[in-house]
Amino acid sequence: MTEPAGPIFIRGRALVLVVLVIGFGAGFVKSFHRAPAGFFHPRSIGNTGAAEPHIETRFVSGGETPQTHAPSLVELNDGGIRAFWFAGSREGGKDVEIHTAVFPPGRAAWRGEPPVASRAGTQKSLRRYIRKLGNPVAVRAADGRIRLLYVTVSVGGWGGSSVTMTTSTDDGKTWTPARRLITTPFFNLSTLVKGTPFLYDDGTLGVPVYHEMLGKFGELLRLDQTGAVIDKQRLSSGNDSLQPVVLAQSDRNAIALMRYAGGRPPKRVLRVSTDDAGRHWSHPEKSALSNPDAALSGVVLDDGRVLVVLNDIESGRDRLSLVASRDGGGTWKTVITLEDQNGLRGRPPDRARYLETTEALARDSDPTVPNPASHARAAAVQMCGGAGCGFEFSYPYLIQARDGEFHLVYTWNRSFIKHVRFNRAWLDRRLGETGNDQRH
Amino acid sequence: MINVTDITGLAGATLALTAPLLLAPPVRRLKRIHIGLLMGATAIVVAAPIGPLPLAAYARGGFGDLSVTTNVLLVIGIYPHLSGRRRVDRREETAICHLVAVTALVFYPLALGFGPFDPYRLGYGSPWFLAGLLALALGAWAGRFHLISTCIALAVLAQAVSWNESTNLWDYLLDPLVSIYAVFMVLSGALRVVAHPGGRDVR
């Protein structure tokens, strides 16, 4: 056997051994210092909201861009709410940016602010080519900073996505240069965010993500306090689950609900559960909730009830409901149907009728809108085609603020972001009323 | 301010875009000093910002950061042309190509969702995974496959010091480019054996 005659570092046997000792020494030191698995840290927000039941709706965005989609929310230190969504000429367009607006405390209107991320800016920060931006989600980290995670694509469609993160130390006024999270070994392709991130008890961050190249399945990232990925776990496998939402009921118990992307009826939200803080998850099962391959969102109340907002139909996204469960997602009861144009499905309205209907919807959604007809026209641009016009109320994102108030945002006909705010008293009254509930 | 991982990532992309020059026979016939100057000039063009981003950044946007294995193979591929020294032992190159090819063919389908088990998760600091790699590296060292031992050890070290953007050890061991190269080399070696049974495997 001949001694290799390459560069010096692979020629000497002793030197190779030294490299082995140094490399693995450093590797084992790092491995033994990694954060142990954390426990869930469910937020305990009691009934601190206003005593009088109330629900109110308004638009967040003002129609500055033709298309808007995929909103998310984070509570600010002063009790205000900041929303994020992506918007541009069309989904996947090069002009799509991550927009933001603030709902200040004590006010009843959203205040738009300049976009927080653009394709060019992200490209400059990441020092790599970026083709388009997508879903943003925000979370307040244990150290008080806001982390904004959003989808970026360098090559191909959404299946080629990766997750990019930027951080703010001043509640969203300024943002650090973006950094990319590496989450898959194959060109870092196919990790997307949508579900609400959450904190573990050790301050690490859980980020529900999903994969949609070759297979479609839910995953859970864990980020340390510097924002580095320290673990990734599959919540499901196969080709039929997307956009997990993790709902922790205690430090060890949680369910994760996932959008059903399969074609096998009945089309239902998929559900997995854990009783050991996510060390192990059950196999996905179809829940009682209908799902038309659309995103959902939810929160857990301090009394263990689970609230979920979703398109509770098997096709289309023209009905959106708030549902509640008292038994950890076993059975569900409709609290309110927030939007419902499902009855028009069989006979899609022509443009004139669509404009009339949508103008009325816009007026009902936000009485302060100066010109509901312009909202209707903007919606028609997105939702009318050769086969008539349709409705879409999708991609809900629900949070509960420290004052007990619930804030929900969702895509309204692909052209606006709508905000619904309600309190615990309203919720309890709705759930206590008879005749308005539909059991699932 | 530019991050260290951006510098290492762009350097890897520059290396990957520059090294293929040596595939051109006219370049290989040049004097060593001319090869060095040509590669240096090419590297500057690739790494210098032209428009919003350097060419290396576009490449990095497409294929990501290169693994340590790829970087080592590129360096030992370029090294003889610049130094005049002999190539690494063929046996070593063949062994690492077989190891990379077999690992990639098992690893990537599983990591991309073929079945419920995700081997990529092991790369987030599993001591058992590290122990397995140590055993493999020591076995390779004992068998005098020093290139394998060196690549594994440097990958583990690079991950420990956060050389690349990724925090996952797999990304330091393997990447799709080296996997494609290894599979190609293994298949072309096998075809040569089939075409010339009993013949010497020459390139």
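From first to last, the protein sequence lines are chains A and B. The working numbering applies: residue 21 is where the first sequence begins, and numbers increase by one. The working numbering applies: residue -18 is where the second sequence begins, and numbers increase by one. Think of the CB as a built atom: it goes at the ideal place given N, C-alpha and C, for glycine as much as any other residue. Nothing here was measured: the structure is a model prediction, and the numbers come from that model.
Apart from sequence neighbours up to five positions away, the residues of its chain that approach ASP244 of chain A with a beta-carbon distance below 7 Å are ALA55, THR224, ILE250, ordered along the chain. Excluding five sequence positions before and after LYS287 of chain A, the CB atoms of its chain that fall closer than 8 Å to its own CB belong to TYR280, SER310, ASN311, PRO312, ASP313, GLU334, SER335, given in chain order. According to the DSSP assignment, VAL81 of chain B belongs to the alpha helix (DSSP H) that extends over 71 to 92. Proximity of chain B to THR204 of chain A at the Cβ level (cut-off 8 Å) is accounted for by ALA92, LEU93, TYR101, in chain order. Listed in chain order, the beta strand (DSSP E) runs fully inside the region 343 to 372 of chain A are 353 to 360, counting runs of at least 3 residues. Burial check for ALA71 of chain A: the Cβ neighbour count within 10 Å stays below 16, so the residue is exposed.
The way I'd put it, the region 83 to 93 of chain B does touch the region 149 to 166 of chain B; three or more beta-carbon pairs between them come closer than 8 Å.
Proximity of ALA314 of chain A to chain B, defined by a Cβ-Cβ separation below 8 Å, is not satisfied. Contact annotation, GLY318 of chain A with LEU290 of chain A: C-beta distance approximately 14 Å; criterion of less than 8 Å not satisfied.
When the Cα atoms are used, SER64 of chain A and GLY58 of chain B turn out to be separated by approximately 60 Å.
The beta carbon of ARG397 of chain A lies closer than 8 Å to those of LEU375 in the same chain, with the five residues before and after it left out.
In this model, PRO6 of chain B and ILE16 of chain B are separated by some 12 Å (Cα to Cα). Per DSSP, PHE52 of chain A is one residue of the alpha helix (DSSP H) stretching across 33 to 52.
Going by DSSP, LYS114 of chain A is part of no beta strand (DSSP E) at all; its letter is neither H nor E. Put simply, the region 382 to 392 of chain A does not touch the region 413 to 425 of chain A. Fewer than three CB pairs are less than 8 Å apart. For a Cβ distance threshold of 7 Å, nothing in chain A lies close to HIS79 of chain B: the least Cβ distance comes to about 16 Å.
In this structure, the CA atom of PRO125 of chain A is about 37 Å from the CA atom of CYS409 of chain A. Neighbours of SER270 of chain A across chain B, judged by C-beta separation under 8 Å, do not exist; the nearest C-beta is about 25 Å away. The criterion of a C-beta distance shorter than 8 Å is not satisfied by PHE123 of chain A and ILE150 of chain A. DSSP places LYS144 of chain A in the helix class (H, G or I) of the three-state scheme. When DSSP states are grouped into helix, strand and coil, ASN443 of chain A belongs to the coil group.
The DSSP assignment places 225 to 231, 237 to 243, 249 to 254, 261 to 268, 274 to 280, 288 to 294 as complete runs of the beta strand (DSSP E) inside the region 219 to 301 of chain A, in order along the chain (cut-off: 3 residues). Scanning chain B for C-beta atoms nearer than 8 Å to the C-beta of MET185 of chain A yields nothing, as the closest lies near 12 Å away.
Non-local beta-carbon contacts of LEU262 of chain A in its own chain, meaning distances under 6 Å to residues more than five positions away in sequence, involve TYR230, LYS236, ARG279, ALA281 in chain order.
Residues of the region 43 to 76 of chain A with a C-beta atom less than 8 Å from some C-beta of chain B are GLY43, PHE44, ALA46, GLY47, PHE48, VAL49, LYS50, SER51, PHE52, ARG54, listed in chain order. Secondary structure of HIS395 of chain A (DSSP, three-state): helix. Listed along chain A, the residues sitting closer than 8 Å to PRO97 of chain B by beta-carbon distance are ARG254, SER257.
Look at the beta carbons and you see the region -4 to 6 of chain B not touching the region 102 to 120 of chain A: under three pairs across the two are nearer than 8 Å.
The beta carbon of LEU40 of chain A falls within 8 Å of a beta carbon belonging to chain B, placing the residue at that interface. LEU168 of chain A and ARG367 of chain A have their C-alpha atoms some 41 Å from each other.
LEU358 of chain A has its alpha-carbon roughly 29 Å from the corresponding atom of ILE166 of chain A. Cβ atoms of VAL429 of chain A and PRO91 of chain A come within 8 Å of each other, at about 4 Å. Between LEU327 of chain A and LEU418 of chain A, the C-beta spacing is below 8 Å. Contact check for ILE118 of chain A against ALA140 of chain A fails: the beta carbons are separated by 8 Å or more.
Residues VAL80, SER81, THR88, PRO91, TRP105, VAL429 of the same chain have their beta carbon placed closer than 6 Å to that of ILE437 of chain A, with the five preceding and five following residues left out of the count. For a cut-off of 8 Å, the C-beta gap from ILE202 of chain A to TRP446 of chain A is around 44 Å, too long to register as a contact.
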